[in-house]
Amino acid sequence: MGISSTLQTRKTIIDDLKRLGVKEGMTLIVHSSLKSLGNVVGGPVTVILALEEAVGFNGNIVMPTQSEHLCAPTENNEDLTLEEIKIIKENMPIYYPDITTTSYMGFIPETFRKQNGVLRSSHPHVSFAAWGKDAKRITMNHTLDYALSEDSPLGKIYELEGFILLLGAPTDANSSLHLAEYSQKNSYIKPKVWEVKMSVDGKEQWTTYDDINNESDDFNMIFDEFKSKTTLVKEGLVGKAVSYLIPQKEMVDFALDWMNKNRR
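Going by numbering that gives the first Met the number 0, the sequence shown opens with residue 0, and the numbers climb by one from there.
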């Protein structure tokens, strides 16, 4: 084992992705952990270029680029005084698709969103970025209300029969499962109103939007059950990262059924 065998390159990552089942023309929503991949020559740029080359110009790469730091601070935040909350709200910038950074998304999406040709959706809190043939279709008209429903980029990926790629990411970091929550037949999910700062008639002001109180605490249970009850989860190493390739539509449909039965 020489040093070379521990280095990941664009070629080794593409080879690993193909072995996992990634094919030319696929639409992939990617959740990633750069650290878990091992020592990648060129870091996030190499991973992004490998993903794009693996699906080609007829495919699409999508990543969540959420900006949680633009959410209003709440009054039950013990670290902040009411005066500080007031100052934060007065001085909080609105969402800018080009310069607003991602929150807790990792190096790969934070780098990806800046790439020429990558489009980012307009949602101030839960945007997605996309590259490829259908990037415009995936990211445009991202509605403010019910932000992860079928009208969101997640819904567009579902229509395109895309795949979820967990690239060393934890199995509960699977945004696509939120899509199922909007169709739940039980009363587990409650409504939620979010505060958001936006430009309204040319003036920056706080307003609100309606959503459901999304929950991801059981996403890893849904993953485990889907993996054990179907043959649809492909597992393999990409670099040093245990990774999974999953058809999104089938997993979302399974999750809806699971939520209706198990969420109370």
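Backbone N, C-alpha and C fix where the C-beta goes; we use that ideal spot for every residue, glycine too.
| query | result |
| --- | --- |
| Over what stretch of residues does the alpha helix (DSSP H) that includes H177 continue unbroken? | H177 to E180 |
| Assuming I93 is part of the alpha helix (DSSP H), what are its boundary residues? | It is not in any alpha helix (DSSP H) - I93 carries neither H nor E in the DSSP assignment. |
| Would F218 pass as a contact of L255 if the rule is Cβ separation under 7 angstroms? | no |
| Touching or not, the stretch 19–36 and the stretch 160–177, by the rule of three or more beta carbon pairs under 8 angstroms? | yes |
| Taking 8 angstroms as the cut-off, does the stretch 226–245 touch the stretch 139–158 (at least 3 CB pairs, one atom from each stretch)? | no |
| Sorted by chain position, which residues of the same chain lie with C-beta nearer than 6 angstroms to G20's C-beta, five sequence neighbours on each side aside? | K233 and L244 |
| In the DSSP output, which residue or residues are listed as bridge partners for L6? | N38 |
| Considering only the alpha carbon of each residue, which of P63, P108 and S121 lies closest to S198? | S121 |
| Could you check which residue in P63, I86 and T64 has the C-alpha nearest to that of A71? | I86 |
| So for N59, helix, strand or coil by DSSP? | strand |
| Only counting runs of 3 or more residues, tell me where the beta strand (DSSP E) segments fall wholly within the stretch 223–259, in order along the chain. | 233–237 and 240–246 |
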